[in-house]
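S.K.: The structure is given below, and queries will be raised subsequently.
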Amino acid sequence: MALNEQDLFSLQRKVDRYKEVLQNTKRYRDSWSTSLKQTIIDQLTQLSTLAGLTGTIEVRSEIANLEAVMFTMGSVESGLSEQVGSGLQRDLIKHNGTLVYQQLFNGKILVLINFPYIEKYGQPQPPKTIAIYRPEELKEPYFLRHMETFVADISNWEDYDDDAPEPNQRIGFKLNFEEEKK
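Throughout, my numbering is defined as the position within the sequence shown, counted from one, plus 95.
This is the structure in structure tokens:
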């Protein structure tokens, strides 16, 4: 099969694009480890301090290049409890929500919200994806917007009622308690 230069032009453009994408992945991963991870930590710390929002920063780094920085509101007793025997009660734990900045396999950053949930009271809602960013796209104003969205979403979860139900806001998923799997 005889191919001329014009025939190979399209393939060569695709190969060049592929090489560029691979190089970007390396560059994005380098950016995370040299500066972006610390920038995220600093921004979340500063915003929570200035706003008076109590939470902690956790860094997950079990897998290289798939790290995450999380602003978590922690866990508390929910105020609900279950009978576990004669006169014994076990408190149900409420996880108060998390704002997550997660490295993806290609070095881009996924920003998402894990909603609050109460253990053994239905299923947690799926995470809400805010956006996926290249490292250079994450600028200071975005962190403020992400934190505002996070606080608004967890506030809406806490203030749940059926006056204006949102399709994704189903606390308990119509179940009071799940059966324990044995």
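We treat Cβ as the ideally placed atom computed from N, Cα and C, and that holds for glycine. All of these numbers come straight from a predicted model, not from anything done at the bench.
Can you give me the start and stop residues for the alpha helix (DSSP H) that Y123 sits inside?
M.R.: E100 to S126
S.K.: Considering just the uninterrupted stretch of the alpha helix (DSSP H) at A146, what are its terminal residues?
M.R.: K132 to A146
S.K.: Quick check on F200: buried or exposed, where buried means 16 or more other Cβ atoms within 10 Å of its Cβ?
M.R.: exposed
S.K.: Let me know the secondary structure DSSP gives D248 once reduced to three states.
M.R.: Helix.
S.K.: My guess is that F168 and E153 are in contact by the Cβ rule of under 8 Å, so how many angstroms apart are they, rounded?
M.R.: It should be pointed out that residue 168 corresponds to Met in this sequence rather than to Phe. The Cβ separation is near 11 Å, so there is no contact.
S.K.: With a 10 Å radius around its C-beta and 16 neighbouring C-beta atoms as the bar for buried, classify L54 as buried or exposed.
M.R.: There is simply no residue 54 to check, as the chain begins at 96 and stops at 277 in what is shown.
S.K.: With C-beta atoms as the reference, is G338 less than 9 Å away from P211?
M.R.: Residue 338 is absent from the structure shown; the chain starts at 96 and stops at 277.
S.K.: Could you please give the first and the last residue of the uninterrupted beta strand (DSSP E) stretch that includes L183?
M.R.: L183 to H190
S.K.: Give the straight-line distance between the Cα atoms of K215 and R122, rounded to the nearest whole angstrom.
M.R.: 43 Å
S.K.: Is A97 buried or exposed, if buried means 16 or more other CB atoms sit within 10 Å of its CB?
M.R.: exposed
S.K.: So is F92 buried or exposed if we call it buried at 16+ other beta carbons inside 10 Å?
M.R.: Residue 92 falls outside the range modelled here, since the chain spans only 96 to 277, and no answer is possible.
S.K.: Relative to the C-alpha of A163, which residue among T144, K189, L205 and S170 is closest?
M.R.: Of the candidates T144, K189, L205 and S170, the one whose C-alpha sits nearest the C-alpha of A163 is L205.
S.K.: Quick one: what does DSSP say F238 is sitting in, helix, strand or coil?
M.R.: helix
S.K.: For T129, which of E231, S170 and T244 has the nearest alpha-carbon?
M.R.: E231
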